[in-house]
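When you line the sequence shown up against mature numbering (1 follows the signal peptide of the UniProt record, and there is no 0), it's residues -24 to -1, 1 to 880, in that order.
Think of the CB as a built atom: it goes at the ideal place given N, C-alpha and C, for glycine as much as any other residue.
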Amino acid sequence: MLDQRIVVAFAFLLFILKFQPAFQQVETLSSPAERAALFELRSSLGIRSKEWPRKANPCLNWRGIACQNGSVSGINISGFRRTRLGSQNPQFSVDALANLTRLTTFNASRFFLPGSIPDWFGQSLGSLQLLDLRFCAIRNAIPATMGNLTNITSLYLSGNNLTGEIPSSLGQLVLLSVLDLSQNSLTGFIPESFASLGNLTRLDISSNFLAGSIPSGIGMLSKLQYLNLSSNQLSSPIPAQLGDLGKLVDLDLSFNSLSGSVPADLRGLRNLRTMLIGNNEFIGSLPVSLFPSPSQLQLVILKDNRFTGEVPDALWTMPGLRLLDISGNNFSGFLPNTTLNANATTVALNLSGNSFYGILKPILRRFSFVDLSGNYFEGKVPYYVPNNASLVSNCLQNVSNQRSLQECQSFYADRGLIFDNFGLPNSTQPPAGDTKGKSNKKVIILASVLGGVGLIALLTLIVVLLLICIRRRGTTSQRGVGVGPVPAGTSPPPPEVSINFSSLGDTFTYQQLLQATADFSDANLIKHGHSGDLYKGVLENGISIVIKRIDMQSIKKEAYLMELDFFSKVSHPRLVPLLGHCLENENEKFLVYKYMPNGDLSGSLYRKTSLEDDSLQSLDWITRLKIAIGAAEGLSCLHHECTPPIVHRDVQASSILLDDKFEVRLGSLSEVCPQEGDTHQNRITRLLRLPQSSEQGTSGPVTAICAYDVYCFGKVLLELVTGKLGMSACSEAQLKEWLEQTLPYISIYDKELVTKIVDPSLIIDEDLLEEVWAMAIVAKSCLNPKPSKRPLMRYILKALENPLKVVREENSSSARLRTTSSRGSWNAAIFGSWRSSSDVVVIAAGSSTRPEGGGSFKHSGTSNSQGSGQNGGGEHSSSHRRQSREIFPEPSTDVQDVERLGQE
């Protein structure tokens, strides 16, 4: 037995000795020079010991280090954070790389490397296959010696401050598959030598200052799949040789100065999915051969050129088309009579700013969003035109904001056509020369006006005197508790004294923000906000941020101070996190927020499926409901957890920010203010029955009441249901038209009606349809013209959290919308008790009509109030009825009329 153990131990020892060299090659560096080079690189770049511990084995324990056969084969320091000493004087100090002779990959993307790429870089790293230096703050020119990296397959230099011309020596990199030089300041021309890059699949040199023409040699890159030359200063026509790129999938030539006609030879681009050639100077008509059948095109943007003639029929009928934007051209003609398969739907169509005419055709039914403004369409608007269609500045019947009669008649007369005169008789002008009785009419009108003015002045004087007396009596009690509300029509005092800066995150230096945003380059500009420009940035620790740059010469000082004061006093998970500020400059102030990877709702409702694929994917219903609940939680905090209540005043899709998990963070907080709270003025206003606008409260400015936020939130909910982009931020005229076309399809009696306005890209079953139906009804209640009739935000939140309890259709012949309440449910707490446990009632979110046999809808205030419970019993007081209407109020007469029209 002992002999067997000795034999086994001896065999195991031989096995270890045999394979020890292999283990050593994998786990350790065989070259002392390479080990020393790594430690030198660690020191020159300021790599923290957390990533590269000094006493550990680099091949095993250093983050981002890969070894092969005893040598360093890969280095990845992307997003690393420098040591404090290293961050004081960061430089492009990578000389030690010259000693790593077998290095194949070097990735330093988003690691701060200010300085120039040294000439030796391309001479000493001959084994390099991947070089990634994106967003490293590199400056100056690309050295010509980079052409010596003959083994390289992927070269990324985008998002830096590179200047000068693109060296023609890059044409020597014949193995190159990906070349990305975008978002720099490169000048000169596109090198002709690029024609030698036969293995290139992706070429991106967008967002530079390149001039000249597109080299015809690019047409020789037979493997090219992605070509982006946008946002340069390229001129001259498109070379016909681009049509030889048979594998090209994405083509972006937008925002240049390209001119001439689009060559018909581009018909060879049969695999093209994205064609972006907008914002150029193209002329002439579109060649029919440009859109072959079958075609893979999904996104076509030809806007802001000088195209003329008619649009080829093939462009309208491509089955996979998701976005067609041909706005801002000189296209003309009728819409085609082509009919489509019902399954062929497109997200958006923009024909605005052209010269289309004639009646609207069924082809429009395939589009879920349509902009037809600025054309000359005539006739009635048919039912198949999307509810959110923009129709202004046309010649349509029964639509507001159309062109003048003279303008429409002149346009149609120039084409030998007869205008329909907006559907009215031809003799619309008054007969000339009939002046009898005009003098008497003028006298009567003048007397009526003067009398009316006098009466209004008298009533106004009485109201002012009453309000002054009431305000004097109520001032003490109203202002005595907490922070008093801001008087209507005045700006709040600057809150410098009360701001607690210790609760406002870090204090950043101006230099830190410059480094994070590459000197606030246009490439990092997100958008121009109404309170400042928003830039994306990356801190040295790799954290992505958003910086609001506030110009103090154009923005009132109180605006940013109010926002700081708000963040110093209010904290909630549903508010965008404020990471810090920079207030050291007199003329500019900076607020730093956490970056939201999914942007805002307006940009995420439809989003690209991947970086390599420009096709659009719609947010599913579960995510949309999650977003609605998150936004309601944030607004409920402002309205019901703050004293006094805080009004957001800018609730729209662009204010609803989304993190990487589509959790909501409310942004656009520069307009927040305390709610106007003069209850005495409310009473006198109701007493005298003063007229109010559809969105104005009973007191205070139009946006300074919580009911205004509720109204705006209703628009967002309707946008989630219908998928109509931009409607929560559209003009009043567009909103009115949209609501008139949408609200009739939201009925408490017919669930199927809502399917006519639901986003066609949503895939929903019967259960989810009930949730969609419930959200639509909640949205309609939020959009009540009377502010006092809109539900409170905390009730809206409860309704969205329990959509199937808000509305439920029973299996009955009436098929009406009903709710069953049970004891202890949130329904009992919010909607009150019911006549009996078996009663079913209509929630009056869209109509005041009660179903046959249904009980009255009452509210007791709490789930334990008298009369609530299993048996329900008894009548309730009038105050209960009044409170129920405030939760889900009865709409005004005009809304009921709209609903009845929808049911008919």
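Inset, instruction - Please go through the region 160 to 235 and give each complete beta strand (DSSP E) segment of 3 or more residues, from N-terminal end onward. - result: 178 to 180, 202 to 204, 226 to 228
Inset, instruction - Compare the beta carbon distance of G334 and L311 with 8 Å and say whether it is the shorter of the two. - result: Against the sequence shown, residue 334 aligns to sequence position 358. Against the sequence shown, residue 311 aligns to sequence position 335. Yes, these two residues count as a Cβ contact at 8 Å.
Legend entry - Separation of P573 from E27, as counted between CA atoms: On the sequence shown, residue 27 is found 51 positions in, with the first residue counted as 1. On the sequence shown, residue 573 is found 597 positions in, with the first residue counted as 1. When rounded, the distance between both Cα atoms is 25 Å.
Inset, instruction - Under 8 Å by Cβ, that's how I've got S54 and N83 pegged, so tell me the actual separation to the nearest angstrom. - result: Position 78 of the sequence shown, counting from 1, holds the residue named residue 54. Position 107 of the sequence shown, counting from 1, holds the residue named residue 83. About 5 Å separates the two Cβ atoms, so the contact holds.
Inset, instruction - With a cut-off of 8 Å on the beta carbons, I'd call V361 and V346 a contact; round off their distance for me. - result: Residue numbering aside, residue 361 sits at position 385 when the sequence shown is read from its first letter. Residue numbering aside, residue 346 sits at position 370 when the sequence shown is read from its first letter. Right, their Cβ atoms sit about 7 Å apart.
Legend entry - Per-residue DSSP class, three states only, for K524: The residue given as residue 524 occupies position 548 in the sequence shown. It is a strand residue.
Legend entry - Residues near R550 in its chain [Cβ-Cβ closer than 7 Å; skip 5 each side]: Along the sequence shown, read from residue 1 onward, the residue named residue 550 stands at position 574. Contacts found: G606, E609, G610, C613, V640, R641, L642.
Inset, instruction - Pull up the distance between the alpha-carbon of K712 and that of E354, whole angstroms please. - result: In the sequence shown, residue 712 corresponds to position 736, counting from 1. In the sequence shown, residue 354 corresponds to position 378, counting from 1. The alpha-carbon atoms of K712 and E354 are separated by roughly 21 Å.
Legend entry - Which of helix, strand or coil DSSP assigns to D618: Within the sequence shown, numbered from 1, the residue matching residue 618 stands at position 642. The displayed chain sequence assigns Cys, not Asp, to residue 618. It is coil, neither helix nor strand.
Inset, instruction - Could you spell out where the beta strand (DSSP E) holding A42 opens and where it closes? - result: Residue mapping note: residue 42 aligns to position 66 of the sequence shown, counting from 1. That run of the beta strand (DSSP E) goes 41 to 44.
Inset, instruction - Using alpha carbons as the reference points, say which of P268, S235, S230, C35 lies closest to R246. - result: Your numbering for residue 246 matches position 270 in the sequence shown. The option with the nearest alpha carbon to R246 is P268.
Legend entry - Where I722 falls, given that 16 or more other Cβ within 10 Å makes a residue buried: Counted from its first residue, the sequence shown places residue 722 at position 746. The residue in question, I722, is buried, as its Cβ has 16 or more Cβ neighbours within 10 Å.
Legend entry - At least three beta-carbon pairs within less than 8 Å, the region 533 to 548 to the region 594 to 601: no
Legend entry - Residue burial classification, H624 (beta-carbon count within 10 angstroms, cutoff 16): Taking the first residue of the sequence shown as 1, we reach residue 624 at position 648. Flag for H624 reads buried.
Legend entry - Own chain, CB closer than 6 Å to D180, minus 5 neighbours either side, in chain order: As a first step, residue 180 must be located in the sequence shown, where it is residue number 204. Within the same chain, D180 has close Cβ partners D156, S158, N204.
Legend entry - CB contact flag (R243, L221, <8 Å): Along the sequence shown, read from residue 1 onward, the residue named residue 243 stands at position 267. Along the sequence shown, read from residue 1 onward, the residue named residue 221 stands at position 245. It is not a contact, given that the beta carbons lie outside the stated cut-off.
Legend entry - Between the CA atoms of I681 and N305 - distance to the nearest angstrom: Position 329 of the sequence shown holds residue 305. Position 705 of the sequence shown holds residue 681. Roughly 43 Å separates the two Cα atoms.
Legend entry - Close Cβ partners of A72 (< 6 Å) along its chain, the five nearest in sequence each way excluded: Against the sequence shown, residue 72 aligns to sequence position 96. Cβ neighbours of A72 beyond the five flanking positions: A13, E16, L17.
Inset, instruction - Could you pull out every residue in the same chain whose Cβ sits closer than 8 Å to the Cβ of T139, ignoring the five residues on either side in sequence? - result: On the sequence shown, position 163 is the one that residue 139 refers to. For T139, where only same-chain residues beyond five positions count, the Cβ hits under 8 Å are R115, N116, A117, N160, S161, L162, T163.
Inset, instruction - Helix, strand or coil for K727, going by three-state DSSP, please let me know. - result: Numbered from 1 along the sequence shown, position 751 holds the residue referred to as residue 727. The answer is helix: DSSP assigns K727 an H, G or I state.
Inset, instruction - Name the one or two DSSP bridge partners that Y333 has. - result: Walking along the sequence shown from the start, residue 333 turns up at place 357. Y333 is bridged to Y352.
Legend entry - Straight-line gap, A74 to E516 (C-alpha atoms, nearest Å): Residue mapping note: residue 74 aligns to position 98 of the sequence shown, counting from 1. Residue mapping note: residue 516 aligns to position 540 of the sequence shown, counting from 1. Each residue's alpha carbon lies about 25 Å from the other.
Inset, instruction - Determine, using beta carbons only, whether A113 and L131 come nearer to each other than 8 Å. - result: On the sequence shown, position 137 is the one that residue 113 refers to. On the sequence shown, position 155 is the one that residue 131 refers to. No, these two residues do not count as a Cβ contact at 8 Å.
Legend entry - Nearest residue (CA-CA) to residue 881, options L299, L780, I724: Here the chain covers residues -24 to 880 and nothing more, so residue 881 does not appear.
Inset, instruction - Measure the alpha-carbon distance for D726 versus L210 and round it to whole angstroms. - result: For the purposes of this step, residue 726 is taken as the residue at position 750 of the sequence shown. For the purposes of this step, residue 210 is taken as the residue at position 234 of the sequence shown. Distance between the alpha carbons of D726 and L210 is about 57 Å.
Legend entry - L633 vs L554 beta-carbon contact at 8 Å: If you number the sequence shown from 1, residue 633 lands on position 657. If you number the sequence shown from 1, residue 554 lands on position 578. Not closer than 8 Å, so no.
Legend entry - Chain-order list of residues whose beta-carbon lies under 6 Å from that of K503 (same chain, five-residue window excluded): Numbered from 1 along the sequence shown, position 527 holds the residue referred to as residue 503. Here the set comprises L510.
Inset, instruction - Just mark F185 as buried or exposed, buried being the case when its beta carbon has 16 or more other beta carbons within 10 Å. - result: On the sequence shown, position 209 is the one that residue 185 refers to. Exposed, because fewer than 16 other Cβ atoms sit within 10 Å of the Cβ of F185.
Inset, instruction - Look up V686 in the DSSP assignment and say whether it is helix, strand or coil. - result: In the sequence shown, residue 686 corresponds to position 710, counting from 1. V686 falls in the helix class under three-state DSSP.
Inset, instruction - Sort P119, A535, W292 by Cα distance to K565 and report the nearest one. - result: Indexing the sequence shown from 1 puts residue 565 at position 589. For the residues P119, A535, W292, the minimum Cα distance to K565 belongs to A535.
Inset, instruction - Could you tell me which uninterrupted alpha helix (DSSP H) segments, each at least 4 residues in length, are contained entirely in the region 42 to 116, listed from first to last along the chain? - result: 60 to 64, 97 to 100
Legend entry - Among I523, L559, N563, nearest to I531 - alpha-carbon criterion: On the sequence shown, position 555 is the one that residue 531 refers to. Measuring from the Cα of I531, the nearest candidate turns out to be N563.
Inset, instruction - Let me know the secondary structure DSSP gives M251 once reduced to three states. - result: Taking the sequence shown and counting its residues from 1, one reaches residue 251 at position 275. Of the three classes helix, strand and coil, the one that applies to M251 here is strand, per DSSP.
Legend entry - Short Cβ contact (8 Å threshold) for L759 with Y687: Indexing the sequence shown from 1 puts residue 759 at position 783. Indexing the sequence shown from 1 puts residue 687 at position 711. Their beta carbons are under 8 Å apart, which means L759 touches Y687 by this criterion.
Legend entry - T436 versus Q373 - alpha carbon distance: Locating residue 436 in the sequence shown gives position 460, where the first residue counts as 1. Locating residue 373 in the sequence shown gives position 397, where the first residue counts as 1. Distance between the alpha carbons of T436 and Q373: 40 Å.
Legend entry - L437 - DSSP class collapsed to helix/strand/coil: One-based indexing of the sequence shown puts residue 437 at position 461. Helix, per DSSP.
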